[in-house]
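In the UniProt record's numbering, the protein residues as written are 1 to 315.
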């Protein structure tokens, strides 16, 4: 369903009432209602669920998967004891009442993943001729509604990402994902996605470790593609040096090269070496989320630069 730029929305923007600070731990009631409408449009309303086999199987499989993972008899605890709860109602109630936002996001990710694939089938009964455009439009609407509600999340490539800065997300994270989607970067892409998944769940040290792995894997792929040698156990520092010596990082002038090396060598690896991957000692160490966000954004920017240069060389 198209998002309408209503008069009231425009007036709020003019009055400066639209916040640019993202919220992560609360879903507004308005957004929950919109979310139900969006998922019903993608996967089918109750009439389609009750009368069509494919939508019924899709809802049933998603709800069953979540119930098994959470160890629940009902997905939504609010309807425990109800006379007869079907999967459509169970999921709808869950999206409206579940207080754990991460669990809500689990459901959203599954609905747009499993449901999005199912809706592409000509047998699903989607009332649209261009099914791929329909699914793409549904995802776009979800991301617009996230932003309208001031929620710092976005669905990209079937995964929910936490957004700290819209500018950095648009200029670094999304381009990095697009570039890592290229042939040969599968390992780096998996590590990069893993870093953001850890970050979203609060596993900050693991996020730093996976970010470094993605950075190192990207350089290894580029060195291999250009038939340049490197030691199998080379660290990020040595890989950056290998890329520089091989001419894979541009040398516009000495100052810029020194600055670039300083950012790459002292930025990402130092964050990981100082904050992740070592014993905690006698005291419990806390890695601040702001530090992790910086590390992830720095990783994304570095990957964009390296992969973009490699793409130009391939041409």
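We put the CB at the ideal spot given by N, CA and C, even for glycine.
Keep in mind that this is a model prediction, so the values were computed, not measured.
- A direct Cα-Cα distance of roughly 42 Å separates residue 122 from residue 224.
- Taking a contact as a CB-CB distance under 8 Å, the pair residue 26 and residue 139 does not count as one, their CB atoms being some 23 Å apart.
- Residue 131 carries a helical assignment under DSSP once its states are collapsed to helix, strand and coil.
- For residue 162, the uninterrupted beta strand (DSSP E) segment begins and ends at 159-162.
- The continuous beta strand (DSSP E) containing residue 153 extends over residues 153-156.
- Around the C-beta of residue 297, 16 or more other C-beta atoms lie within 10 Å, and the residue is accordingly described as buried.
- It is roughly 49 Å from the alpha-carbon of residue 99 to the alpha-carbon of residue 241.
- Taking the Cβ atoms as the reference, residue 3 lies roughly 6 Å from residue 141, within the contact range of under 8 Å.
- At least 8 Å separates the beta-carbon of residue 124 from that of residue 88.
- Counting along the chain, residue 77 sits inside no alpha helix (DSSP H), nor does DSSP assign it H or E at all.
- Counting of Cβ neighbours within 10 angstroms places residue 127 among the exposed residues, the total staying below 16.
- With a 10 Å radius around the Cβ and a threshold of 16 neighbouring Cβ atoms, residue 214 comes out buried.
- For the set 39, 173 and 136, the Cα lying nearest the Cα of residue 104 is the one of 39.
- Here DSSP, grouped into helix, strand and coil, assigns residue 23 to strand.
- Contact between residue 156 and residue 218 is absent: CB atoms are separated by about 18 Å, not below the 8 Å threshold.
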